[in-house]
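Enquirer:
Numbering (the numbering used here), first residue to last: 25 to 483.
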């Protein structure tokens, strides 16, 4: 490390120290000061724009962002606030971002922000429509392999890992994995049925984790999807986690049967009451080898969810992620290592959670090589897949793109039946994409293109 880098490293550590000290004392003034200090940790334009946006929200007396920050600060102990900053923000967004950018300058591509890890497909439930049904429940990664991959993640600047399954609480090394990697922020999705007071206490002791409860609505909707009695166990799990001040999120698989419920104001208020700080929405996608097109949301339902979320973001003190409808904010598809990728329990390195193809197995290669594979490069070269970012997905919105990628790179399908939507059901996928496309193009032109033209004229 040369003298210039030493000075830069020292300055960065001093700024981080100041931020950690401010996290001990909650005030509106300190929140604003935090954003100005955070800007000094990065030169990345996208991150800087995000920080500026947060500051503008905090300065708006009517915006719920201030209430969300207040909820988090009041809920977490000072030590946990510092752990959240060190893992998710300092390493994930700032140091990790700098490392990923430096990697790009040398190797020609930038590693993604996040890895989605399914260490085990063991699960105590068989939920209707689950995207993992085609894999079976036997595959599981040995912990020494998981540990190796997480080490490679940190070398690449990836400090955000989402843990899926199967059911993560079935994986015998879950808590060891989180404890032995304190520089990574983990987001653990669970069906909630195996949560106990003791496990909640363990999550609380670790601190570098957000536990996301999967819930499809109220008792009727959740039990219809997950099985009788599951909803009540989820309610108990919320209580266990909240009593231990574990950071909690909530997630819904959105289908034609539950979209009105999970996109309702009443449901969001209920999730906030139960302790959720983040609400995630993921559309049902027919990728498990047992496609059920009747469960896919209609164009009108998908747009209803989008409009509801837009309203909630201006009124509710909770973070929202609407995975497909948020395409305009990230300029389309983020798969193939652009922002994230999926490592499944068989070791296959998949472009995303729903794209069940691969050319590499992590047992036979490094993460860096897998991220720069022909498959991943083929996907990134085509991004965005559509100029209308309300149509970001290469599976349900632009299925011809994924078929082109498959023809070009010759990947293997990672479970039996995964090929059906690209072969025997390809016409059904095309028809679905066309129906939504006609609807979405009107929305895009009326609400997004026109808005940008208005802003451009004003400036």
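Every residue, glycine too, gets a C-beta built ideally from N, C-alpha and C. Remember, predicted model here, so these are calculated numbers, not experimental data.
Under three-state DSSP, which class holds residue 407?
Expert: Residue state, collapsed to three classes: coil.
Enquirer: Please classify residue 402 as buried or exposed, where buried requires at least 16 other C-beta atoms within 10 Å of its C-beta.
Expert: Per the 10 Å Cβ criterion, buried.
Enquirer: Looking only at its chain, what residues have a beta carbon closer than 7 Å to the beta carbon of residue 47, apart from the 5 residues adjacent to it on each side?
Expert: Within the same chain, residue 47 has close Cβ partners 102, 105, 106 and 109.
Enquirer: Would you mind listing the alpha helix (DSSP H) stretches within the stretch 95 to 128 that are 4+ residues and don't spill past its ends, in chain order?
Expert: If we require 4 residues or more, the alpha helix (DSSP H) runs fully inside the stretch 95 to 128 come out as 102 to 108.
Enquirer: Just to confirm my understanding: we take residue 185, look at its own chain, exclude 5 residues before and 5 after, and list those with CB closer than 6 Å. What are they?
Expert: Result list for residue 185: 139, 141, 208 and 210, in chain order.
Enquirer: Is it buried or exposed, residue 397, if we count other Cβ atoms within 10 angstroms and call 16 or more buried?
Expert: Looking at its Cβ environment, which holds 16 or more other Cβ atoms inside 10 Å, residue 397 is buried.
Enquirer: With C-beta atoms as the reference, is residue 375 less than 8 Å away from residue 400?
Expert: Yes, Cβ-Cβ distance for residue 375 and residue 400 is below 8 Å.
Enquirer: What residue does the beta strand (DSSP E) around residue 139 start on, and which one ends it?
Expert: 138 to 141 is the extent of the beta strand (DSSP E) around residue 139.
Enquirer: Is it true that the stretch 347 to 360 meets the stretch 302 to 314, where meeting means three or more beta-carbon pairs spaced less than 8 Å apart?
Expert: Short answer: they touch.
Enquirer: What residue ranges within the stretch 199 to 243 form continuous beta strand (DSSP E) runs of no fewer than 3 residues, ordered along the chain?
Expert: Runs found: 209 to 214 and 233 to 238.
Enquirer: Would you mind stating whether residue 188 and residue 377 have Cβ atoms separated by less than 8 Å?
Expert: Yes, these two residues count as a Cβ contact at 8 Å.
Enquirer: Run the CB neighbour count on residue 371, radius 10 Å, all protein chains shown included, and call it buried at 16 or more, exposed below.
Expert: Buried is the call here.
Enquirer: What are the start and end residues of the alpha helix (DSSP H) that includes residue 433?
Expert: Counting along the chain, the alpha helix (DSSP H) containing residue 433 begins and ends at 423 to 433.
Enquirer: Tell me which same chain residues have a C-beta within less than 6 Å of the C-beta of residue 421, skipping the five on either side of it?
Expert: Result list for residue 421: 415 and 457, in chain order.
Enquirer: Might you give, ordered along the chain, the residues of its own chain that have their beta carbon closer than 7 Å to the beta carbon of residue 89, omitting 5 neighbours on each side?
Expert: Closer than 7 Å at the Cβ level, and outside the excluded window around residue 89, lie 78, 81 and 82.
Enquirer: Using a Cβ-Cβ cut-off of 8 Å (strictly less than) and excluding sequence neighbours within five positions of residue 170, which residues of its own chain qualify?
Expert: The answer, listed in chain order, is 141, 143, 197 and 201.
Enquirer: Shortest alpha-carbon distance to residue 295 belongs to which of 146, 409 and 258?
Expert: With distances taken between Cα atoms, residue 295 lies closest to 258.
Enquirer: Since residue 338 contacts residue 146 with CB under 8 Å, what's their CB separation in whole angstroms?
Expert: Not a contact, Cβ separation roughly 41 Å.
Enquirer: Report the three-state DSSP secondary structure of residue 131 (helix, strand or coil).
Expert: In this structure, residue 131 counts as helix in the three-state DSSP scheme.
Enquirer: Over the uninterrupted beta strand (DSSP E) stretch that includes residue 366, give me the two end residues.
Expert: Segment 364 to 367, the beta strand (DSSP E) holding residue 366.
Enquirer: Could you tell me the distance, in whole angstroms, from the CA atom of residue 262 to the CA atom of residue 274?
Expert: Residue 262 and residue 274: Cα-Cα distance of roughly 10 Å.
Enquirer: Using CA coordinates, which residue listed in 133, 52 and 91 is at the minimum distance from residue 363?
Expert: Taking only the C-alpha atoms, the option nearest residue 363 is 133.
Enquirer: Cα separation between residue 229 and residue 64?
Expert: Taking the straight line joining both Cα atoms gives about 31 Å.
Enquirer: Taking the C-alpha atoms as reference points, what is the distance between residue 325 and residue 40?
Expert: Between residue 325 and residue 40, the C-alpha separation is close to 44 Å.
Enquirer: By the 10 Å Cβ neighbour count, where 16 or more other Cβ atoms means buried, how is residue 303 classified, buried or exposed?
Expert: Residue 303 is buried by the Cβ-count criterion.
Enquirer: Quick one: give me the first and last residue of the beta strand (DSSP E) that residue 346 is part of.
Expert: 343 to 346 is the extent of the beta strand (DSSP E) around residue 346.
Enquirer: How is residue 80 classed by DSSP in three states: helix, strand or coil?
Expert: The answer is helix: DSSP assigns residue 80 an H, G or I state.
Enquirer: Throw me the rounded Cβ distance for the residue 113 and residue 55 pair, which I believe falls under 8 Å.
Expert: Rounded, the Cβ-Cβ distance is 14 Å, inconsistent with contact.
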